[in-house]
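Below is one structure, written out as structure tokens; comments come after it.
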Amino acid sequence: MKKKTLFSRISCAMLHAVLLTTCASVPRIAEDESAIHVVLIGLDAWGAYSVPGADIPVIRQMMAHGAYTLEDLSVMPSDSAPNWMSMFSGADPGLHGFTSWNSKEPGFQPAAVDSRAFFPGIFGLLRDQKPESTIAYFYEWSGMKYLVPKDVPNRMKLVPLLSYWKPGANKIARYIKKQKPGFAFIGFYGTDMTGHSKGHDTPAYYKKLSQIDGYIGIIEQAVKDAGIYDNTIFILTADHGGVGKGHGGESMQERQVPLILYGKGIKKGYEIVGEVHTYDTASTIARIFGLVQPDVWIGKPVEEAFE
């Protein structure tokens, strides 16, 4: 078994050097600028309740020129891993099996698995159906590394203290400008950390949200500098909200999160009125890329947001 693994690694390197092709874990060439690009930005513990009173000019500009709802409903429990996984997999915890805030693997046999023995998610779906796609996965909370198969993204990296440390956003910006990824996920953790330490719906929480808004502006500018802005769709959302210094409860302040779509082919200044759930995010991204959705998914594309 060890010889086979070693041979596989050597084969990958040789093919890359000789044929200029790549294996899944090797960074690919820059994406076609004319293709559709998706930047999915997630803010941990960003409750929809916070939007009206927050100083978030970048996010407000995207809302004003995009489609949005402040009633995107998280799955239960309204914790991190169950909702991030649902967002990525188009299904709820009863299907994918991630049932606690720090789940590292399914707590029971998932309803379905793909060729990687992983519940089918949007990252694997894009890799399988459009194998030449450049996929990036940047995250700040270490628990997120268990939610995506490691061999799928071209770039999968923990960026420590991303929402506290400006160079973190700048590093991601440099990657975007160079690689022009077809699909990039960026997960901020600062709102959750502040909610637990200082409290949700507090001055400290709103200050952190405003800071992250500035980092989103850095990411947006990088997309412009990469020359792919006119063909990019930004999606901003969250896993859950929060009350006091916790989360995971049943209140709407804990369960309702924003969902904002902005960019090519998206309605402008439009408030989504239909029911939206966290697992609809994966289905919406699949719709953007023209992917065939697995039968096991229960999510539906937010068609209302498109022109």
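Going by mature numbering (1 follows the signal peptide of the UniProt record, and there is no 0), the letters in the sequence shown line up with residues -30 to -1, 1 to 277, in that order. Where a beta carbon is used, it is the ideal one built from N, C-alpha and C, also for glycine.
With a threshold of 8 Å on Cβ separation, who are the neighbours of residue i within its own chain once the five nearest residues in sequence on each side are excluded?
i, result
"residue 268", "60, 61, 62, 65, 249"
"residue 158", "11, 12, 13, 14, 110, 132, 133, 182, 185"
"residue 57", "12, 207, 209, 248, 249, 251, 252"
"residue 223", "17, 19, 170, 171, 211, 212, 213"
Going by DSSP, what residue range makes up the beta strand (DSSP E) through residue i?
i, result
"residue 38", "37 to 43"
"residue 208", "202 to 208"
"residue 12", "7 to 13"
Between which two residues does the alpha helix (DSSP H) holding residue i run?
i, result
"residue 137", "136 to 149"
"residue 178", "173 to 195"
"residue 31", "27 to 34"
"residue 228", "Taken as a continuous stretch (DSSP letters only), residue 228 belongs to no alpha helix (DSSP H), being part of the beta strand (DSSP E) at 226 to 233."
"residue 55", "50 to 59"
Would you identify the three-state DSSP class for residue i, choosing helix, strand or coil?
i, result
"residue 258", "helix"
"residue 115", "helix"
"residue 217", "coil"
"residue 94", "helix"
"residue 161", "helix"
"residue 170", "coil"
"residue 66", "helix"
"residue 108", "strand"
"residue 153", "strand"
"residue 249", "coil"
"residue 126", "strand"
"residue 102", "coil"
"residue -7", "Per-residue confidence for residue -7 stands at a pLDDT of 37, beneath the threshold of 50, marking its modelled position as unreliable; the derived number appears in the next sentence. Coil."
"residue 3", "coil"
"residue 75", "coil"
"residue 266", "coil"
"residue 241", "strand"
Between residue i and the ligand PLP, is the CB less than 7 Å from at least one heavy atom?
i, result
"residue 141", "As for the ligand PLP, it is missing from this structure, which has no ligand bound."
Give every residue of the same chain whose Cβ lies closer than 6 Å to the Cβ of residue i, excluding the five residues on either side of it in the sequence, and list them in chain order.
i, result
"residue 274", "242, 244"
"residue 240", "37"
"residue 195", "147"
"residue 192", "143, 146, 147"
"residue 279", "Past the edges of the chain, shown from -30 to 277, lies residue 279, and the structure says nothing about it."
"residue 162", "14, 15"
"residue 25", "180"
"residue 74", "116"
Would you please verify whether the beta carbon of residue i is less than 8 Å from any beta carbon of chain D?
i, result
"residue 22", "Looking at the structure shown, chain D is missing, and only one protein chain is on hand."
With a cut-off of 8 Å on the beta carbons, I'd call residue i and residue j a contact; round off their distance for me.
i, j, result
"residue 188", "residue 252", "26 Å between Cβ atoms; not a contact."
"residue 218", "residue 47", "5 Å"
"residue 174", "residue 164", "5 Å"
"residue 276", "residue 6", "Wrong, their Cβ atoms sit about 12 Å apart, outside the cutoff."
"residue 152", "residue 105", "7 Å"
"residue 99", "residue 246", "Incorrect: roughly 24 Å between the Cβ atoms, too far for contact."
"residue 103", "residue 225", "Actually they do not touch by this definition, with Cβ atoms about 32 Å apart."
Excluding the five sequence neighbours on either side, which residues of its own chain have a C-beta within less than 7 Å of the C-beta of residue i, listed in chain order?
i, result
"residue 94", "84, 86, 88, 119, 122"
"residue 32", "204, 206, 230, 232"
"residue 197", "3"
"residue 127", "108"
"residue 221", "213"
"residue 266", "61, 65, 81, 82, 90"
"residue -2", "Here the model assigns residue -2 a pLDDT of 45, short of 50, so the residue's position is not dependable, and the following value carries that caveat. Correct list: empty, nothing qualifies."
"residue 168", "174, 175"
The region 206 to 213 in contact with the region 5 to 25 per 3-pair CB rule at 8 Å: yes
Any contact of the region 107 to 116 with the region 77 to 86, i.e. 3+ C-beta pairs under 8 Å? no
The region 173 to 184 contacting the region 226 to 236, beta-carbon criterion three pairs below 8 Å: no
Spell out a yes or no on whether the region 193 to 201 and the region 38 to 55 are touching, meaning 3 or more CB-CB pairs, one atom from each, closer than 8 Å. no
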